[in-house]
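If you're matching positions, the sequence shown starts at 1 in full-length UniProt numbering and goes up one per residue.
Every residue, glycine too, gets a C-beta built ideally from N, C-alpha and C.
Just so we're clear, the structure is a prediction, and the values are computed from it rather than from any experiment.
Everything on this sheet refers to the single structure shown next.
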Amino acid sequence: MHLKINRIILILILFMLFPLYSFADEEEIGKIENIIGSAEIIVNNSRIELEKDTTIHSSDTIITKDKTFVKILFFDGADIILYENTQIKIKEYKFKIDAEKKNLKGVFEDIKGKIRFFVKPAKNTENDVKYKTNNAVMGIRGTGGVIVAQGSQKTQLLVTSGKVDFSNPAAPDKIVQVKENQWGEMRGEKPPAPPKPATPEIIKNLAIDIPEGFELTKSGEDDKENKKEEDKKLNNSNPTGPLPPVESPTGAADDDEEDSNKEDNNSDSDNNNSNKNEVDEIFRIGPTVSIGLYQYLSIGIEMRILKFLGLSVNIGGAPGKMNLKDFPNIGNKINNNNQPEINNIKASFFHVEARAVIYPFKGSFFIGSAFGMRKLDVQADTCIYVTVSSQSVCVPANGGIKINTTYATPQFGWLFVWDSGFSIGTELGAQIPLSMSSNNYYTNLNNSNQTAYSQAISSGNYQDFQNTLQTRLPDYFNHQVLPFWNILKIGWLF
1 MHLKINRIIL ILILFMLFPL YSFADEEEIG KIENIIGSAE IIVNNSRIEL
51 EKDTTIHSSD TIITKDKTFV KILFFDGADI ILYENTQIKI KEYKFKIDAE
101 KKNLKGVFED IKGKIRFFVK PAKNTENDVK YKTNNAVMGI RGTGGVIVAQ
151 GSQKTQLLVT SGKVDFSNPA APDKIVQVKE NQWGEMRGEK PPAPPKPATP
201 EIIKNLAIDI PEGFELTKSG EDDKENKKEE DKKLNNSNPT GPLPPVESPT
251 GAADDDEEDS NKEDNNSDSD NNNSNKNEVD EIFRIGPTVS IGLYQYLSIG
301 IEMRILKFLG LSVNIGGAPG KMNLKDFPNI GNKINNNNQP EINNIKASFF
351 HVEARAVIYP FKGSFFIGSA FGMRKLDVQA DTCIYVTVSS QSVCVPANGG
401 IKINTTYATP QFGWLFVWDS GFSIGTELGA QIPLSMSSNN YYTNLNNSNQ
451 TAYSQAISSG NYQDFQNTLQ TRLPDYFNHQ VLPFWNILKI GWLF
């Protein structure tokens, strides 16, 4: 019995020590050298209040709050400063400093807010560090600079020393190199534009006052010149929010630059501005107009939310009477393969519908369905031939009916939206009838010859004409699946 108790105690001790050993196996890669304000570190899904000298490991996520500055010093000499309301996840950080050829490999992702980075340059050292925001990848090799990630669709990069490979994960083959004293910008899924010179105004607008005593750079004894240069570029500046665009040498700016300049000139320096920009990026709404097969002309309101969900409402129809003979498989319904051919059968169309789609890749392609109601006002005329005094006589007949249907339209398509708001797309699918009702049915014979009239009204041809309008046409629109192709859709999403 005593032996069993000892075993149980030993097992409990091992279980208690196991988490400690597991944590110890994670290599320490750095520490919090300084902190002002309040911040958290997420370790193994647990949130811990961040303090000075807290050790940092790979897979840690650090989140700063209002009026907070955090400086991470890595044991190889690199450092990162996180500004307020910023998040960064350390996915990987490995370095060898005792080998003949030193190397550093690091991946930082899910960057939101603003960071200042410094990767220590050194001879015989291979640096491979990547910083990732939602729409940008920055390859760092012995470099210093600032990254601003506004919302999910805008990333700005300022390089103060060295050079950075700048690309968009949506267009990985297009890489531009941002060199010292240059800045670049990434918008949405577009490839990066060529970098521009970093003017003093840009550096001033980027920098935020660091509280006294909070060291701005940690470059090491062999990098004092880098420290002095970066201090000179980034210090003594007031916070004014995100980078404004730079005018070209001719003084003219392209459309994206003008849009960005308007945003930045109207922005505030606090975090509310960043939140507003994010809302503008994730919610867009505006008018559209489209022309399509069997839908004819439509106007509507289109919404895109989070670049994932699309909602719209549309009304439309035919501008005049359209020939129903152009509809697929309608010939048998109109003439029943035998009776007098209906000379003219036309209808006016009106529809109203609501649509919901998703953009599974957060790009231009979407898939979803529309639900709608269609109203048709059908009018037809024909000749009912009878024999009077051994002669064939045409007795003109006409009629009409109003048909109401509901339908569903599963569909897919593409909607391309530019930063300016201009959008263009196309949609394909099938229109499936769900229900049908009809009313206001009528037919008339127009002939003053009483004998011809009497023969026509009791003839099988006239009865067939009545049956076509009253039964066959409603049955067609109650069961016929129509092809759907919104050939061209254009609009403007604000």
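From residue i to residue j, what does the alpha carbon distance come to, in whole angstroms?
i: ALA408; j: ASP475; result: 17 angstroms
i: VAL378; j: GLY400; result: 5 angstroms
i: TYR359; j: PHE108; result: 27 angstroms
i: SER248; j: ASP419; result: Note that SER248 scores a pLDDT of 36, beneath 50, so its modelled location is shaky; the value from the coordinates is reported in the next line. Distance between the alpha carbons of SER248 and ASP419 is about 20 angstroms.
i: GLY113; j: PHE422; result: 28 angstroms
i: LEU493; j: ASP110; result: 28 angstroms
i: ALA149; j: GLU27; result: 29 angstroms
i: SER435; j: ASN85; result: 54 angstroms
i: GLN177; j: LYS163; result: 7 angstroms
i: THR199; j: PHE308; result: 37 angstroms
i: GLU180; j: THR160; result: 5 angstroms
i: SER290; j: PHE484; result: 13 angstroms
i: residue 498; j: MET303; result: Nothing about residue 498 can be read from this structure; the chain reaches only from 1 to 494.
i: SER454; j: SER438; result: 29 angstroms
i: GLY317; j: LEU488; result: 15 angstroms
i: ILE334; j: SER459; result: 18 angstroms
i: LEU243; j: ILE203; result: Reliability of the predicted coordinates at LEU243 is poor, the pLDDT of 42 falling under 50, and no value is obtained from them.
i: GLU189; j: LYS132; result: 14 angstroms
i: ARG47; j: GLN87; result: 13 angstroms
i: GLY320; j: LEU297; result: 11 angstroms
i: GLU427; j: PRO410; result: 10 angstroms
i: GLU40; j: TYR83; result: 13 angstroms
Leaving out the 5 sequence neighbours to the left and right, which residues in its chain are closer than 6 angstroms to residue i when beta-carbon positions are compared?
i: VAL481; result: ALA430, ILE432
i: ASN134; result: SER152
i: ARG355; result: SER312, ALA370
i: ILE282; result: LEU306
i: LYS375; result: PHE350, ASN404
i: THR443; result: GLY399, GLN466
i: GLU33; result: LYS71, LEU73
i: ARG141; result: ASN127
i: TYR462; result: ILE384, ALA456
i: ASN447; result: VAL395, TYR453
Let me check understanding here. Comparing Cα to Cα, which of the options lies closest to residue i?
i: GLY184; options: THR426, LEU158, ASP79, THR64; result: LEU158
i: ASN486; options: VAL43, ASN314, LYS130; result: ASN314
i: THR471; options: PRO483, ASN440, ASN446; result: ASN440
i: SER364; options: ASN478, LYS163, ALA170, PHE350; result: ALA170
i: LEU473; options: PRO328, GLY413, LYS362; result: PRO328
i: LYS52; options: SER290, SER423, VAL43, SER38; result: SER38
i: LEU445; options: GLU49, LEU434, PHE465; result: PHE465
i: ILE63; options: ALA78, GLY316, ILE35, ASP76; result: ILE35
i: ASN127; options: LYS96, THR199, PHE214, PHE308; result: LYS96
i: ILE384; options: PRO410, VAL352, ILE342, ASN404; result: ILE342
i: ASN45; options: ASP60, LYS71, TYR296; result: ASP60
i: SER93; options: ILE72, TYR83, ASN85, GLN87; result: The question names Ser, yet the displayed sequence has Tyr at residue 93. Nearest option by C-alpha distance: ILE72.
i: PHE214; options: LYS102, GLY162, PHE69, PHE75; result: PHE69
i: LEU293; options: ASP165, LEU324, LYS67; result: LEU324
i: LEU469; options: ASN332, ILE81, GLY491; result: ASN332
i: GLY425; options: THR143, THR288, PRO192; result: THR288
i: ARG187; options: LYS120, ALA78, VAL417; result: VAL417
i: PRO192; options: SER167, PHE412, MET373, LYS130; result: SER167
i: LYS67; options: PHE74, ILE210, ARG47, LYS321; result: ILE210
i: GLN295; options: ILE330, ALA347, ILE334; result: ALA347
i: LEU415; options: GLY310, ASN461, GLN463, ILE41; result: GLY310
i: GLY205; options: GLU49, LYS190, GLN156; result: As written in the sequence, residue 205 is Asn, which differs from the Gly given in the question. Of the listed residues, the one whose Cα sits closest to ASN205 is GLN156.
i: ILE42; options: LYS89, TYR83, GLU427; result: LYS89
i: GLY300; options: PRO172, GLU201, GLY491, VAL137; result: GLY491
i: THR55; options: LYS31, GLU49, ARG47, ASP76; result: LYS31
i: LYS402; options: ALA380, GLU201, ALA136; result: ALA380
Skipping 5 residues on each side, what residues in its chain have a beta carbon closer than 8 angstroms to that of residue i?
i: ILE457; result: LEU445
i: ASN478; result: THR405, PRO433, SER435, MET436
Quick one: what's got a C-beta closer than 7 angstroms to residue i's C-beta in the same chain, skipping five residues either side?
i: ALA452; result: VAL386, VAL388, VAL393, VAL395
i: ALA78; result: PHE118, VAL119, LYS120
i: LYS105; result: GLU92, LYS94, ASP128
i: PHE75; result: ILE29, GLY30
If contacts are defined as beta-carbon pairs under 8 angstroms, then residue i and residue j qualify, I think. What distance do you get, rounded to the angstrom?
i: ILE345; j: VAL357; result: Rounded, the Cβ-Cβ distance is 35 angstroms, inconsistent with contact.
i: ILE147; j: ILE175; result: At roughly 16 angstroms, the Cβ-Cβ gap does not stay under 8 angstroms, so ILE147 and ILE175 are not in contact.
i: residue 546; j: GLY144; result: Past the boundaries of the shown model lies residue 546; the chain is included only from 1 to 494, so the question cannot be answered.
i: ILE29; j: HIS57; result: 6 angstroms
i: MET373; j: VAL352; result: 6 angstroms
State yes or no: is the C-beta of residue i nearer than 7 angstroms to some heavy atom of the ligand SAH?
i: HIS479; result: In terms of ligand content, the structure shown is empty, and the ligand SAH therefore cannot be addressed.
Review point. Which parts of the region 311-385 are runs of the alpha helix (DSSP H), unbroken and 4 residues or longer, counting only runs that do not cross its ends?
Key: List check, alpha helix (DSSP H) in window: 331-335.
Check your understanding: Can you list, in chain order, the stretches of the alpha helix (DSSP H) that have 4 or more residues and sit fully within the UniProt domain "FecR protein" (60-164)?
Key -> Taken in chain order, the UniProt domain "FecR protein" (60-164) contains no complete alpha helix (DSSP H) segment of 4 residues or longer.
Review point. What are the complete beta strand (DSSP E) segments, minimum 3 residues, inside the region 165-211?
Key: Listed in chain order, they are 171-179, 182-187.
**Study point:** Every unbroken beta strand (DSSP E) inside the region 382-428 [3 residues or more]
**Key:** Listed in chain order, the beta strand (DSSP E) runs fully inside the region 382-428 are 391-417, counting runs of at least 3 residues.
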